[in-house]
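Residue numbers (the working numbering): 716 to 947. Note that beta-carbon positions come from the ideal geometry of N, C-alpha and C, so glycine has one too. No experiment lies behind these values; they were computed from the predicted model shown.
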């Protein structure tokens, strides 16, 4: 898939079960690409290896989940538009050991879906190298059609699930519409400013790198803003 945020589509259809952790599944499904955002460019495939799943992706999933629980979840609930803000109910009580096992299993399952999907949709994918049909040209190779089509479909499905979840579990509204507009105006302005500075320091016009940099810049602002709100 060309877009990291499309990958959760591979796990969001799974039914709710005591042995699955929804947030860990979603983070795990995106985590093989996390190394790109750490580097600011799509240039290292370590996160897509089985070793990278354990040594890099899993620690990053745990770190991001901790940050999400600590601050980002509250900020998302407060500032997302009412139609997109949700507050999932807490899962049934479990022992600490069981919670950890379920979280780690779900994260690894999410990573596996990412790696298997990429194996069908990238030029060096395991299945692409072994199934001639995937290399057949229909203007572009079949695997490219799967890559771009899967990216568009995946993103649309993620948006649909997100909207459905917000209708089912609406979050209490704690910010006015004006406060929300100011927040997102700040995200836009800070992202643009940081991106311009980054471009000046390290110019590039590669599309994939630009997408990664824009997301990075937005995330930096949101994290800093969430820490500011925590301390204010």
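Here residue 842 has 834, 835, 849 as same chain residues with Cβ atoms under 7 Å from its own Cβ, once five neighbours each way along the sequence are excluded. With a contact defined as Cβ atoms closer than 8 Å, residue 929 and residue 757 miss out at about 13 Å. In this structure, residue 830 sits near residue 763, with a CB-CB distance shorter than 7 Å. In the DSSP assignment, residue 881 falls within the alpha helix (DSSP H) that extends over 857-883. By alpha-carbon distance to residue 815, the top candidate from 922, 739, 720, 904 is 739.
Taking the Cα positions, residue 799 is about 25 Å away from residue 778. A distance of 7 Å or more separates the beta carbons of residue 744 and residue 880. Pairing residue 759 with residue 765, the inter-Cα distance amounts to about 14 Å.
The Cβ neighbour count for residue 822, taken over all protein chains shown within 10 Å, is at least 16; the residue is labelled buried. Assigned with DSSP and collapsed to three states, residue 898 falls in helix. Membership of residue 780 in the alpha helix (DSSP H) is indicated by the continuous run 773-782.
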